[in-house]
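Position one of the sequence shown corresponds to residue 61 (the numbering used here), numbered consecutively onward. All residues carry an ideal CB built from backbone N, CA and C; glycine is no exception. Since this is a predicted model, take the numbers as computed values, not measurements. Presented below is the structure to which this report refers.
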Amino acid sequence: MLKRSFPIVFDACCVFNLIASGCFLKIITAIPTQIMIAQTVWEEELINFDRFEESDRLQLDESVNNEIIQIVDFESESETDLFVNYVAILKDDGESASGAIAISRGWAIATDDKQATNLFRREKPNLEILSTPEILQYWAEKNKISDQDLKNVLKSVRVKGRYSPPREHPLANWWASITQN
């Protein structure tokens, strides 16, 4: 996980979950590659999201202003066509834009959406797809986060982000073991 050096396109769901963690900047600055957000996701889902607390909004804005996160748009007609095709299937602009950009450019994608993950794996089997649990596990291991601090982060993601990994997720047992201790 996170061993390659190409960018990762973050879908809104992963951004929301990392913001919900209470450690957004610490987590994203631990990722050893450039983080991208599709302009569609930024404009339609993140820029006016009203569940953010002011401090969360400031961290997100700071990460964009300092280019920790870059906002990217479609660069070609083929990317736009891919986006339109994905919207027809997924019925979601955010996941569709993120997937079109990642697949077209050979980048990784971070999403927790099961339908999008299944579609993108069919479209490009070697696409690196990351999830909130994988990102949080990477951050915790890299930074030697204590079990208690990690438990608090995961609980914040569950409560504020309304996310827990599904039972079939490869890290569901890891998540459960941390939160139940």
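Close-in-space but distant-in-sequence residues of the same chain around residue i (CB under 7 Å, 5 per side omitted)
i       : result
Ala-232 : Pro-225 and Pro-226
Val-101 : Asp-71, Ala-72, Gly-154, Ala-157 and Ser-158
Asp-94  : Per the sequence shown, the amino acid found at residue 94 is Gln instead of Asp. Taken in chain order, the residues that qualify are Pro-67 and Gln-130.
Lys-177 : It is worth fixing the name first, because residue 177 is Thr in this sequence and not Lys. The answer, listed in chain order, is Thr-171 and Ile-189.
Asp-133 : Gln-99
Euclidean distance between Cα positions of residue i and residue j
i       : j       : result
Ala-242 : Lys-220 : For residue 242 there is no data in the structure shown, the boundaries of the chain being 61 and 241.
Ser-191 : Phe-76  : 12 Å
Ile-238 : Arg-218 : 13 Å
Ala-160 : Val-147 : 10 Å
Ile-107 : Ser-206 : 32 Å
Ile-195 : Asp-152 : 23 Å
The beta strand (DSSP E) enclosing residue i, as first and last residue numbers
i       : result
Gln-244 : A query on residue 244 cannot be resolved here, the shown segment of the chain reaching from 61 to 241 and no further.
For residue i, the residue or residues it bridges with in DSSP
i       : result
Val-69  : Met-96 and Ile-169
Ile-87  : Ile-87 is not bridged to any residue.
Leu-190 : Ala-170
Range of the contiguous alpha helix (DSSP H) that encloses residue i
i       : result
Arg-218 : 207-220
Ile-149 : 137-150
Arg-117 : 114-125
Close-in-space but distant-in-sequence residues of the same chain around residue i (CB under 8 Å, 5 per side omitted)
i      : result
Ile-88 : Leu-78, Ile-95, Ser-123, Ile-128 and Ile-129
Leu-85 : Gln-119, Glu-122, Ser-123 and Ile-128
Nonlocal neighbours in the same chain, by C-beta distance under 6 Å from residue i, ignoring five residues either side
i      : result
Val-69 : Met-96, Ser-158, Ile-161, Ala-162, Trp-167 and Ile-169
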